[in-house]
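*Asks:* In this note's numbering, the protein residues as written are 2 to 109. Heads up, the beta-carbon is just placed ideally off N, CA and C, and yes, glycines get one too. Computed from a prediction, not measured in an experiment: that's the story for all the values here. Have a look at this one.
Shown next, in the form of structure tokens:
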């Protein structure tokens with residue numbers, strides 16, 4: 002019984018592990034350029050988005066509030082989703098929200 006319990010600890014991610022993956026800007030750019038993301042989400046302020054954003058990125062102010070999942074993401078839990086902001090703090094909040102909603106492949 003003890004062996005079985007110990008083995009199960011290696012098969013399940015520890016509770017402190019993030020399901021989303023943080024990337025360096027070069028890695029994010031390469032994934033975007035290769036078309037890896039099913040959705041690329043800009044979680045900056047609206048004025049920042051309007052000023053300029055990555056081609057194909059969708060503005061989602063809802064993810065800034067860390068409470069609401071945008072309608073366009075419903076049913077896309079198995080899609081590869083990238084989120085970005087200016088400094089990385091808002092994208093981490095958004096990535097965590099997506100993780101909480103059951104998204105399996107989220108990149109920050």
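Going by CA-CA distance only, name the one from 42, 78, 77 and 80 that's closest to residue 63.
*Replies:* Sorting 42, 78, 77 and 80 by C-alpha distance to the C-alpha of residue 63 places 42 at the top.
*Asks:* For residue 95, which residues of its own chain have a beta-carbon under 8 Å away from its beta-carbon, when the five flanking residues on both sides are left out?
*Replies:* 42, 44, 61, 64, 65, 67, 84, 86 and 109
*Asks:* Assuming residue 46 contacts residue 82 (C-beta within less than 8 Å), just tell me the rounded distance between them.
*Replies:* Incorrect: roughly 20 Å between the Cβ atoms, too far for contact.
*Asks:* Which residue comes first and which comes last in the alpha helix (DSSP H) that contains residue 51?
*Replies:* Annotation for residue 51: the continuous alpha helix (DSSP H) segment containing it runs 47-52.
*Asks:* For residue 40, report the span of its beta strand (DSSP E) as first-last.
*Replies:* 40-43
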